[in-house]
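Below is one structure; the comments refer to it alone.
There are 2 protein chains.
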Amino acid sequence: MDIRKVKVVRYSERASYDRDELMKILSRNFICHVGFIDEGEPYVIPMLYVNDDQYIYMHGSPDSRLIKIIGGGSPIVIAVTEIHGIVLSSDLCNNSINYASVIVYGRGSFVNEPAEKLRVFQLIINRLVPGRIGDTDLPTIDELNSVAVVKVKIEDFAIKKREGGPKISSDKHWEGVIPIVINYGKLISMNNKPIPRYLMDLVMNHQQIT
Amino acid sequence: MDIRKVKVVRYSERASYDRDELMKILSRNFICHVGFIDEGEPYVIPMLYVNDDQYIYMHGSPDSRLIKIIGGGSPIVIAVTEIHGIVLSSDLCNNSINYASVIVYGRGSFVNEPAEKLRVFQLIINRLVPGRIGDTDLPTIDELNSVAVVKVKIEDFAIKKREGGPKISSDKHWEGVIPIVINYGKLISMNNKPIPRYLMDLVMNHQQIT
Numbered sequence: 000m001d002i003r004k005v006k007v008v009r010y011s012e013r014a015s016y017d018r019d020e021l022m023k024i025l026s027r028n029f030i031c032h033v034g035f036i037d038e039g040e041p042y043v044i045p046m047l048y049v050n051d052d053q054y055i056y057m058h059g060s061p062d063s064r065l066i067k068i069i070g071g072g073s074p075i076v077i078a079v080t081e082i083h084g085i086v087l088s089s090d091l092c093n094n095s096i097n098y099a100s101v102i103v104y105g106r107g108s109f110v111n112e113p114a115e116k117l118r119v120f121q122l123i124i125n126r127l128v129p130g131r132i133g134d135t136d137l138p139t140i141d142e143l144n145s146v147a148v149v150k151v152k153i154e155d156f157a158i159k160k161r162e163g164g165p166k167i168s169s170d171k172h173w174e175g176v177i178p179i180v181i182n183y184g185k186l187i188s189m190n191n192k193p194i195p196r197y198l199m200d201l202v203m204n205h206q207q208i209t
Numbered sequence: 000m001d002i003r004k005v006k007v008v009r010y011s012e013r014a015s016y017d018r019d020e021l022m023k024i025l026s027r028n029f030i031c032h033v034g035f036i037d038e039g040e041p042y043v044i045p046m047l048y049v050n051d052d053q054y055i056y057m058h059g060s061p062d063s064r065l066i067k068i069i070g071g072g073s074p075i076v077i078a079v080t081e082i083h084g085i086v087l088s089s090d091l092c093n094n095s096i097n098y099a100s101v102i103v104y105g106r107g108s109f110v111n112e113p114a115e116k117l118r119v120f121q122l123i124i125n126r127l128v129p130g131r132i133g134d135t136d137l138p139t140i141d142e143l144n145s146v147a148v149v150k151v152k153i154e155d156f157a158i159k160k161r162e163g164g165p166k167i168s169s170d171k172h173w174e175g176v177i178p179i180v181i182n183y184g185k186l187i188s189m190n191n192k193p194i195p196r197y198l199m200d201l202v203m204n205h206q207q208i209t
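Protein sequence lines, in the order shown, are assigned to chains S and L. If you use numbering that gives the first Met the number 0, the first sequence closes out at 209, no skipped numbers anywhere. If you use numbering that gives the first Met the number 0, the second sequence closes out at 209, no skipped numbers anywhere.
This is the structure:
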């Protein structure tokens, strides 16, 4: 299998190939954009994902055209992007965005073993809501068989990021950064069970306006 | 030019083709993921964008390989995704994500007129920081000429979204939604100018934890 060369020519000072950093960015997010080709045309779809050290996992209906393509082994690309802030310069054309993004190149294949599928769902819930795994119903084999799980080996990747203030600064207008943070709002209960402690902790840990 | 058929077969109850809704979603965001094909392989990159009723605009260095491809007229796809919440069901396999996403299909071309480029930068700053346009230095013709601006005609699109609680509910464990909101943090000043009122208002309007 040929490994694709990942070229980050422009703004090369923004590029990084550090695998630890790749893992850090992948492991603190859960939404990606998957790019693939179908009948010669490009497609991009947002997907829930989880990763371990070697693979990125996604799931969907086995009847889904998209899942069939993503799991079918043709080259795909997975982008995970964090937006950290809006950078304001005095000059209209020098405003910028602070961000960190990873682009992963690989090929997908289907996970068929129910035990391995279960592990993926456990990874997902541990990513989304730590503590929930002890407070949920586990799926039956039939339920696991009714879901398609795709794993994508991380063949190659590129990290790009920008941080700090405007590159060219002046005192003509206010310059600086508007930080962007993702927060969790007040929990919306849909049944009469009391809100578990792990959920209150999760929301509290995601309510940082500094 | 052939218009691509956009099929949303799976979860078709989540799909919508309402142009007003397309415009609403496009106009309240500013980061997209652009998919394209280069030498037979799929690529996805995050980009800053702005839109009007007909076009999506992006910009970059005229020497950038990506900008050349995106502006070169081959079919591209633009995804804009909002994540609204994590949906917790009692069953591990019925957890879900509330979201709204648009996928736009089109072809890019370059904007060459400096006046039209200036309009795009004005659209961008009005999207990012309303009020800033009266408190910024406008670019010279040379500056405008040194930036490549691409416009993509909205040929076709699809909207997908999910809202509400888990599809199958039970009283076995807590069920509900963890809302996800994007907030702006405390402004980081990089010069000695006082923080303008429009910036204080912007941050205050993006600090909603309910």
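No residue lacks a Cβ here, since even glycine has one placed at the ideal position from N, Cα and C.
Within the DSSP bridge table, the entry for glycine 34 of chain S names S/Val43 and S/Val76 as partners. Residue contact check for leucine 127 of chain L against chain S: a CB pair falls below 8 Å. Taking 8 Å as the upper bound for CB-CB distance, glycine 175 of chain L and leucine 21 of chain S are not in contact here, some 33 Å apart. Glycine 163 of chain L and proline 61 of chain L have their C-alpha atoms roughly 44 Å apart. Not a single CB atom of chain L sits nearer than 8 Å to the CB of leucine 122 of chain S. Taking a C-beta cut-off of 9 Å against chain L, the contacting residues of the stretch 162 to 183 of chain S are Gly163, Gly164, Pro165, Ser168, Ser169, Asp170, Lys171, His172, Trp173, Glu174, Gly175, Val176, Ile177, Pro178, Ile179, Val180, Ile181, Asn182 and Tyr183, listed in chain order. In the structure shown, leucine 143 of chain L falls within a helical segment according to DSSP collapsed to helix, strand and coil. Taken atom to atom, the span from the alpha-carbon of isoleucine 77 of chain S to that of valine 103 of chain S is near 5 Å. Under the DSSP definition of a beta bridge, tyrosine 183 of chain S partners with L/Ile179.
In this structure the stretch 48 to 67 of chain L lies against the stretch 141 to 148 of chain L, because at least three pairs of beta carbons, one per stretch, are closer than 8 Å. Chain L places a beta carbon closer than 8 Å to that of proline 138 of chain S, counting this residue as a contact. CA-to-CA, the gap between asparagine 125 of chain L and serine 168 of chain L works out to about 43 Å. Using a Cβ-Cβ cut-off of 8 Å, methionine 189 of chain S is close to Gly164, Pro165, Ser168, Glu174, Gly175 and Val176 of chain L, given in chain order. Between leucine 65 of chain L and isoleucine 44 of chain L the beta-carbon gap is near 6 Å, inside 8 Å, which marks them as a contact.
Cβ atoms of glycine 107 of chain L and glycine 70 of chain L come within 8 Å of each other, at about 5 Å. Inclusion of proline 129 of chain S and tyrosine 197 of chain S in the CB contact set at 8 Å is warranted, their separation being smaller than that value. Rounded to the nearest whole angstrom, the C-alpha separation of tyrosine 54 of chain L and aspartate 17 of chain L is 16 Å. CA-CA distance, isoleucine 158 of chain L to tyrosine 42 of chain L, rounds to 21 Å. With a beta-carbon spacing of about 5 Å, proline 74 of chain S and glutamate 40 of chain L fall inside the 8 Å limit used to define contacts.
The beta carbon of arginine 118 of chain L sits no closer than 8 Å to any beta carbon of chain S.
At a cut-off of 4 residues, the continuous stretches assigned as alpha helix (DSSP H) that sit fully inside the stretch 95 to 148 of chain L are 113 to 127 and 140 to 144.
At a beta-carbon threshold of 7 Å, none of the residues of chain L lie near leucine 25 of chain S; the nearest stands roughly 15 Å away.
The beta-carbon separation of aspartate 90 of chain S and aspartate 136 of chain L, rounded to 5 Å, stays under the 8 Å limit for a contact.
Apart from sequence neighbours up to five positions away, the residues of its chain that approach isoleucine 153 of chain S with a beta-carbon distance below 6 Å are Val103 and Gly105, ordered along the chain. DSSP, read as helix, strand or coil, puts tyrosine 197 of chain L in helix. Contact with chain S is found for glutamate 142 of chain L, since one of that chain's Cβ atoms lies less than 8 Å from the residue's Cβ. Isoleucine 68 of chain L places its beta carbon 8 Å or farther from that of isoleucine 181 of chain S.
Counting along the chain, lysine 67 of chain S sits inside the alpha helix (DSSP H) bounded by residues 64 to 69. Valine 101 of chain L and phenylalanine 156 of chain L do touch by the CB rule: their CB atoms are close to 6 Å apart, below 8 Å.
For the options S/His172, S/Glu81 and S/Arg27, the alpha carbon positioned closest to that of serine 188 of chain L is the one of S/His172. Apart from sequence neighbours up to five positions away, the residues of its chain that approach isoleucine 194 of chain S with a beta-carbon distance below 8 Å are Leu186 and Ser188, ordered along the chain. Under the Cβ criterion of 8 Å, proline 61 of chain S is not counted among the residues facing chain L. Here proline 138 of chain S is actually not in contact with leucine 122 of chain S; their C-beta atoms are around 14 Å apart, not less than 8 Å. Nearest in C-alpha terms to phenylalanine 109 of chain S, of all of S/Gly72, S/Ile24 and S/Pro165, is S/Gly72. Chain-order list of chain S residues neighbouring isoleucine 30 of chain L: Thr80, Ile82, Ile96 and Tyr98, by C-beta distance under 9 Å.
According to the DSSP assignment, aspartate 155 of chain S belongs to the beta strand (DSSP E) that extends over 155 to 161.
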